[in-house]
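Single-structure report; data block below.
This is how it looks when you write it as structure tokens:
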């Protein structure tokens, strides 16, 4: 009886993972065609005015997550941040902004990679194929 219940629970968990989790992780890893550029990286000593422009170069509407690294003048990492772009139409360019904290005056903002939408809002870092 206990074995049957455990097998049933295991089957339900496997089914949930296959139906809910796998498609979201696949969407995160399978990034739609795009081009992305940092268009603003202005520190004020307490925060950085970060602006990123993303163009959907694909044929269909897509969601993206852009992973950005902020470094100081020596190249040391200050922090990583993400910008989410939702429902970007094919051929459209959209800009997203953020003001992450950084107590430096010399800051460089570098694109670490681009992924699909965050699965369940969890930042897994750049997708391996995103460069």
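Residue numbers (this note's numbering): -8 to 122.
By construction, the Cβ of each residue, glycine as well, lies at the ideal position given by its N, Cα and C atoms.
Nearest residue (CA-CA) to residue i, options the options
i: residue 99; options: 28, 64, 119, 19; result: 64
i: residue 22; options: 32, 5, 45; result: 45
i: residue 27; options: 15, 51, 85; result: 85
i: residue 113; options: 56, 66, 25; result: 56
i: residue 70; options: 1, 58, 33; result: 58
i: residue 24; options: -5, 47, 88; result: 47
i: residue 74; options: -8, 29, 5; result: 29
i: residue 54; options: -5, 87, -6; result: 87
Sub-7 Å separation of residue i and residue j beta-carbons
i: residue 90; j: residue 38; result: yes
Straight-line Cα distance separating residue j from residue i
i: residue 41; j: residue 68; result: 16 Å
i: residue 43; j: residue 82; result: 16 Å
i: residue 49; j: residue 34; result: 33 Å
i: residue 123; j: residue 16; result: No answer is possible for residue 123: the residues shown for the chain start at -8 and end at 122.
i: residue 115; j: residue 13; result: 14 Å
i: residue 1; j: residue 18; result: 25 Å
i: residue 32; j: residue 62; result: 11 Å
i: residue 72; j: residue 4; result: 32 Å
Residue i CB to nearest heavy atom of the ligand NAD below 6 Å
i: residue 45; result: What this structure holds is no ligand at all, so the ligand NAD is not there to describe.
Same chain, Cβ closer than 7 Å to residue i, five either side skipped, listed in chain order
i: residue 36; result: 94, 96
Cut-off 6 Å between Cβ atoms - residues of its own chain near residue i, not counting five sequence neighbours on either side
i: residue 101; result: 60
i: residue 92; result: 38
i: residue 111; result: none
i: residue 109; result: 56
Nonlocal neighbours in the same chain, by C-beta distance under 8 Å from residue i, ignoring five residues either side
i: residue 20; result: 106, 107, 118, 119, 120
i: residue 51; result: 23, 81
> Residue ranges of each beta strand (DSSP E) run of no fewer than 3 residues wholly in the stretch 62 to 117, ordered along the chain?
Replying inline: 68 to 79, 84 to 89, 98 to 106
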